[in-house]
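Numbering (full-length UniProt numbering), first residue to last: 1 to 302.
Notes follow the structure.
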Amino acid sequence: MCIIIFILNVMEVVIMQSNFLKQTIQSKKSLFSNSENVLAEYLLTLDQTEIINKTISELSIESGVSQTTIFNFVLKLGFSGFQNFKITLASKIDSEENSSGLTSFGDINKNDTVTEVAQKIISLNQNSLEELLKSLNSETIEKSVQLIEGCKSLHFFGQGGSSVVAFDGYHKFIRSKFRCNYISDYHIQLSYATKLGPDDCVILFSHTGDTHETINIAKVLKENKCPIISLTGNPSSELVDLSNQSFIIYSDESKFRTESLTSRILYLTVLDILYTIIMFKNEDESIKSLEEIRSALKITRQ
1 MCIIIFILNV MEVVIMQSNF LKQTIQSKKS LFSNSENVLA EYLLTLDQTE IINKTISELS
61 IESGVSQTTI FNFVLKLGFS GFQNFKITLA SKIDSEENSS GLTSFGDINK NDTVTEVAQK
121 IISLNQNSLE ELLKSLNSET IEKSVQLIEG CKSLHFFGQG GSSVVAFDGY HKFIRSKFRC
181 NYISDYHIQL SYATKLGPDD CVILFSHTGD THETINIAKV LKENKCPIIS LTGNPSSELV
241 DLSNQSFIIY SDESKFRTES LTSRILYLTV LDILYTIIMF KNEDESIKSL EEIRSALKIT
301 RQ
């Protein structure tokens, strides 16, 4: 029974996985006009194969927006025109269908063996990491590294499931030369935020980007001119507006929020990237810090 429940929960996560079109739209959402947002919402109700079989005239009538709006929309998405948009979309569909035999989480069913479930979950994670690599912005990475390198103390805050990711970040970076801090309680996070300023740096985590508690903390930090790096799945969120730098993680939550393991892996990967760059950029100090920690921990092994 437990195995069946686990598989059903995983199916919920898989079926919600973002496709190419949804990820592309999310990445440019902040650039859209009102009519372009209407078009975006309509496109996301369609299957990708439906879209590539429509003319620009048909799409205009069905969505209720002008052909000019559609043309401007695909330009903002990074395509040279509507035809180029459809050709690219068609190639992505072929690529997704040929990629390790996993087209969606819906491929998992209760009759799968444990090995098949494992293979499909691993394939999903591999695909998600490949999409993360495509979406990462080198400028955001570089500027985030600069913010961290310029701080005297580094702090990690998140609520609920995001708190687990925040703790992992703290656990990594405490091995670096920086003084690091992690707090699990929201009220203490908020209180502590009042003590931080321009010489500190806070990494905030919220997949929705509109977690009330995290927004409150971000506002206090912003008022105190404390640098903020955020990791979120919502590019048009208030959290992004309040942050100095933001990493947008494209992975949908399911209604079983605690089961969103795929998005968690992506967040942890971004932290790994930042941590590794920081450690190599400060190699001598990093080695010294690691040696001091290992020396202190020797007593626990005696």
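Ideal placement from N, C-alpha and C gives every residue a C-beta, glycine not left out.
- Is the number of C-beta pairs between the region 277-288 and the region 234-246 that are closer than 8 Å three or more? No, they do not touch.
- Message: Assuming residue 224 and residue 196 are in contact, meaning their beta carbons sit under 8 Å apart, how far apart are those beta carbons, in whole angstroms?
- Response: One-based indexing of the sequence shown puts residue 224 at position 224. One-based indexing of the sequence shown puts residue 196 at position 196. So it is a contact: roughly 6 Å between Cβ atoms.
- Message: Quick check: what's the CA-CA separation for residue 58 versus residue 29?
- Response: Here residue 58 is taken as the residue at index 58 of the sequence shown, counted from 1. Here residue 29 is taken as the residue at index 29 of the sequence shown, counted from 1. Residue 58 and residue 29 have their C-alpha atoms spaced approximately 23 Å apart.
- Query: Taking contact to mean at least 3 C-beta pairs separated by less than 8 Å, is the region 153-171 in contact with the region 189-209?
  - Reply: Inter-segment contact for the region 153-171 and the region 189-209 is present: three or more beta-carbon pairs are separated by less than 8 Å.
- Message: Taking contact to mean 3 or more Cβ pairs, one atom from each stretch, closer than 8 Å, check whether the region 282-290 and the region 167-181 are in contact.
- Response: Verdict: yes, contact present.
- Message: residue 168 and residue 271 - do their beta-carbons sit closer together than 8 Å?
- Response: As a first step, residue 271 must be located in the sequence shown, where it is residue number 271. As a first step, residue 168 must be located in the sequence shown, where it is residue number 168. Note that the C-beta distance between residue 271 and residue 168 is below 8 Å.
- Query: Taking one C-beta from the region 116-130 and one from the region 144-155 each time, how about it: are there three or more such pairs within less than 8 Å?
  - Reply: Contact fails: fewer than three Cβ-Cβ distances are below 8 Å.
- Query: Can you give the Cα-Cα distance for residue 20 and residue 112, rounded to whole angstroms?
  - Reply: On the sequence shown, residue 20 is found 20 positions in, with the first residue counted as 1. On the sequence shown, residue 112 is found 112 positions in, with the first residue counted as 1. If I take the Cα positions, the gap works out to 27 Å.
- Span separating the alpha-carbon of residue 25 from that of residue 187: Locating residue 25 in the sequence shown gives position 25, where the first residue counts as 1. Locating residue 187 in the sequence shown gives position 187, where the first residue counts as 1. Their backbone Cα atoms lie some 36 Å apart in a straight line.
- Task: Classify residue 250 as helix, strand or coil using the three-state DSSP reduction.
- Result: Sequence index remark: in the sequence shown, residue 250 carries index 250 (1-based). Residue state, collapsed to three classes: coil.
- Item | Opening and closing residue of the alpha helix (DSSP H) in which residue 232 lies | The residue given as residue 232 occupies position 232 in the sequence shown. For residue 232, no alpha helix (DSSP H) run applies; the uninterrupted beta strand (DSSP E) run containing it begins and ends at 228-232, by DSSP.
- If we count the other Cβ atoms within 10 Å of its Cβ and call it buried at 16 or more, is residue 62 buried or exposed? Working through the sequence shown from its first residue, we reach residue 62 at position 62. Exposed: under 16 other Cβ atoms inside 10 Å.
- Cut-off 6 Å between Cβ atoms - residues of its own chain near residue 54, not counting five sequence neighbours on either side: Start at 1 with the first residue of the sequence shown, and residue 54 comes out as number 54. If you ignore the 5 residues before and after residue 54, its C-beta comes within less than 6 Å of no other C-beta in its own chain.
- Query: Just reading off the beta strand (DSSP E) that residue 200 is part of, what are its end residues?
  - Reply: Position 200 of the sequence shown, counted from the start, is the residue given in the question as residue 200. Unbroken beta strand (DSSP E) run through residue 200: 200-205.
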